[in-house]
Each structure stands twice: as C-alpha cells, then as structure tokens.
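K.L.:
Questions regarding the structure given below will be posed in turn.
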Amino acid sequence: MKAVSYSSFGSPSSVLNLLDIEKPKPKANEVLVKLYFSGVNPSDAKARAGGRPGVNNLPFDRIIPHSDGSGIIVEVGKNISSERLNERVWIWNGAWNRAFGTAAEYICLPADQAVKMPSSMSFEHGACLGIPGLTAAQLICMQSKIEEKTIFISGGNGAVGHLAIQIAKYRGAQIIATSRASQGKKLKDLGADFVLDYADPELYKKVLECAPNGVDYAVEVEFGENINIIPKIMRAMGTVSIYGSGKNMNPKFPFGEYLFKSLTLNVILVYIMPMPVRKRLIKIIHDAYINNALSPSIDSIYELGDCAKAHEQVMKPGRNGTVLLKID
C-alpha cells in the first residue's frame, strides 16, 4: 500500500516521503479500514517538526502521521463482529501513541476508534471530526447548561473554532467570537452573534460592549497571548476552557486577577479524553450533524503525495477550516 512517513524531525519537504509498504493485518479487537480521507491538524505538523514540549526524539523509528480520517472497514480481527464489514467510519487517535496514522491507503486500529458515521455524513466531513470535532464538543459541552449563556470563542476561524461556534449555537448560547477582520461574515454565517478582530488593541472593551456583565464561559486557543485579557472580560465565577497556547507556552500568570474573580480554568487535551466522555460527545456531534446544525468547513484537499504541501497549509495563519488528504 502507499503511505507517507517520516523517520526524523524536520521541514515537510525534507522528511515526508511517499512509500510502498506492506498492508497491515488486523489483530484481535482491531479493524482494517480502507481510507478515503486523512485529516491534517496543526498538532500533526508540530509533531513532525519536533515541536511538542518535552519530546526530543521520535517515539518510533518511522511514523505515518495524522490521527483523523475516514473510510470503510474491509477486514475485522478476532472478537469483532463481521457485521462491521463495509461500515462507513471516521477515525480518532489514529497516530496517538502509535506509529501508523491515517496518511496511508489502509490503517489497522482498535475497533472503538473507528466510529460508524451517520448515513448522511460525507467522508470529507467524517475526516474532520477526530481532533477538531471532539475538541470543540468537549470545550462547549463540559458545561452542563449553556442555553442563554454568553460564550467567548477565541480563534473562531480555525477548524476547532468553526465547530465550537456551531455546537454552541445548537445548544442555545450567545456567541462572541474573534477572528481576522476579513473573516467576520463567515463566522456570523456559522452562528456567531458578534465577531471581533482579535488584533484590536482594545479587544476586551469591545467584548464588554457586547456583554456588559462579562462572559459566562470562554474558549481559548492562545492562552498565553490572551492571559491578561481573559479576567477583564469574564464575569465572577466564570469558566475558561483552554486548548492551546502555541505562541506562548510559558506565560506569566496574573494570579490575583483570576483569584478575585474566582475563575475556573480547564485545560483540554483531546487525545486522553476518557471513553465515557468521548462516547457522549460523539453522540452530540452526530445529533448536531443529523439535524443540519453542524457542517465542518474544509480549507483545502491535497493528494496523498502532496502531504508536505498539506503540512505547510495547515500552519498558515488565516486558514479557513480543516486541511484534508484525498486517498485514491
């Protein structure tokens, strides 16, 4: 089978190679999926570049990247019902603590990690759900009730941001999102009530014009960059859920400002989500999709052999949704 892999850290064009390798065979409790699409996430590009904190060496001799994907189950291992054959599925954690991700024609993985898609879901959309979809659902649905609450969503134009806006709107929240000024119409079309320029030097004042009593809940993609703004826009005893801080991984923390508003901070890492939580969120995602309240945005689609270009694209500022590889 054809697969893209790397055996050292480096730039996309210097380390990603298209190879012919042996098709895997499912072990007990596994399925073999013929892949149609592979989802490319910023975390995949950072892992390839050696940009994960505390990771100085490749965990495996050779890595096929990407955790997300979609396709059809073509073979099952021991203990897995043959009824799953030909099932249309989307994939999560394909490359988490594993050497063989979804940038390939086939993947073997535990059967639970191949989720049956609703009949109305396209393979393109299915490949967007592993990291972006589950992250967005966890960020929004950690709160038991958000109806009529005000939510601030930082980085609304990213793949996670797009889905978080739609899920929050589906669950009845009022949404203040940030993006580049040119992308405001897109976010309003997705369901944001207000869209603000993230680069505005008086951003916190603009937020408070939209929510004079402060926001109830914040979703933050660049915690280090916005660490001083957050307590200014939050109401007392509000909650902040954080899923990124790529520009500043070691920010100086203004503890007093957070203390005197008694803010709760939740840090989200989708890869280690407990299975009961994951199953609940998958149901929420599917329900929203079936009810036409959720539609992943796709920035661009590349051929498998152009994986290096996809890695470059996924790290570009202003990207408009998920980057995919099409696997023939």
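Quick note: the sequence shown uses our numbering, first residue 399, plus one each step.
The beta carbon of each residue, even a glycine, is placed where N, CA and C say it ideally should be.
#1: So what does DSSP say about Y641, is it helix, strand or coil?
#2: Should N624 be labelled buried (16 or more other beta-carbon atoms within 10 Å of its own) or exposed?
#3: Quick check: the segment 466-483 against the segment 402-415, are at least 3 beta-carbon pairs closer than 8 Å?
#4: Among residues of its own chain, excluding the 5 on either side of L585, which ones have a beta-carbon nearer than 7 Å to its beta-carbon?
#5: Taking C-alpha atoms, which residue in E710, G703, I699 and M713 lies nearest to A525?
#6: Could you tell me which residues DSSP pairs with N664 in its beta bridges?
#7: Could you say which of F458, I696 and F658 lies nearest to F407 if we only look at CA atoms?
#8: Which of the three DSSP states is assigned to R676 in this structure?
#9: Using C-beta distances below 7 Å, list every residue in its chain close to M519, excluding the 5 sequence neighbours before and after it, in chain order.
#10: Just reading off the beta strand (DSSP E) that T500 is part of, what are its end residues?
#11: Quick one: grab the DSSP three-state call for N624.
#12: Along the chain, where does the alpha helix (DSSP H) containing R446 start, and where does it finish?
#13: Since G437 sits in a beta bridge, which residues does DSSP pair it with?
#14: Among all the DSSP beta bridges, which residues are the ones paired with L417?
#15: Which term fits F550, buried or exposed, when burial requires 16 or more other beta carbons within 10 angstroms of its beta carbon?
#16: Hey, could you find the ends of the beta strand (DSSP E) Y700 is sitting in?
#17: State the beta-bridge partners of K514 as determined by DSSP.
P.N.:
Checking against the coordinates, here is how it stands:
#1: On the sequence shown, position 243 is the one that residue 641 refers to. It is coil, neither helix nor strand.
#2: Along the sequence shown, one-based indexing puts residue 624 at 226. Looking at its Cβ environment, which holds 16 or more other Cβ atoms inside 10 Å, N624 is buried.
#3: no
#4: By one-based count along the sequence shown, residue 585 stands at place 187. The answer, listed in chain order, is G554, N555, I563, A575, S577 and V593.
#5: Here residue 525 is taken as the residue at index 127 of the sequence shown, counted from 1. Distances from the alpha-carbon of A525 to those of E710, G703, I699 and M713 put I699 closest.
#6: Within the sequence shown, residue 664 is the residue found at index 266, counting from 1. In DSSP, N664 forms a bridge with S639.
#7: Mapped onto the sequence shown, residue 407 falls at position 9. Nearest option by C-alpha distance: F458.
#8: Position 278 of the sequence shown holds residue 676. Of the three classes helix, strand and coil, the one that applies to R676 here is helix, per DSSP.
#9: The sequence position of residue 519 within the sequence shown is 121, counting from 1. Leaving aside the five residues that flank M519 on each side, the residues in its chain whose CB is nearer than 7 Å to its CB run, in chain order, Y687.
#10: Residue 500 sits at position 102 when you count from the first residue of the sequence shown. Where T500 is concerned, there is no enclosing beta strand (DSSP E), given that its DSSP letter is neither H nor E.
#11: Working through the sequence shown from its first residue, we reach residue 624 at position 226. In the displayed model, N624 falls within a helix according to three-state DSSP.
#12: Locating residue 446 in the sequence shown gives position 48, counting from the first residue. Per DSSP, R446 belongs to the alpha helix (DSSP H) from P440 to A447.
#13: Start at 1 with the first residue of the sequence shown, and residue 437 comes out as number 39. Per DSSP, D466 and L722.
#14: Mapped onto the sequence shown, residue 417 falls at position 19. L417 pairs with A401.
#15: Here the question's residue 550 lines up with position 152 in the sequence shown. Per the 10 Å Cβ criterion, buried.
#16: Counted from its first residue, the sequence shown places residue 700 at position 302. Going by DSSP, Y700 is part of the beta strand (DSSP E) stretching over I696 to E701.
#17: Counting from one through the sequence shown, the residue named residue 514 turns up at place 116. Note: K514 is bridge-paired with V487 in the DSSP secondary-structure output.
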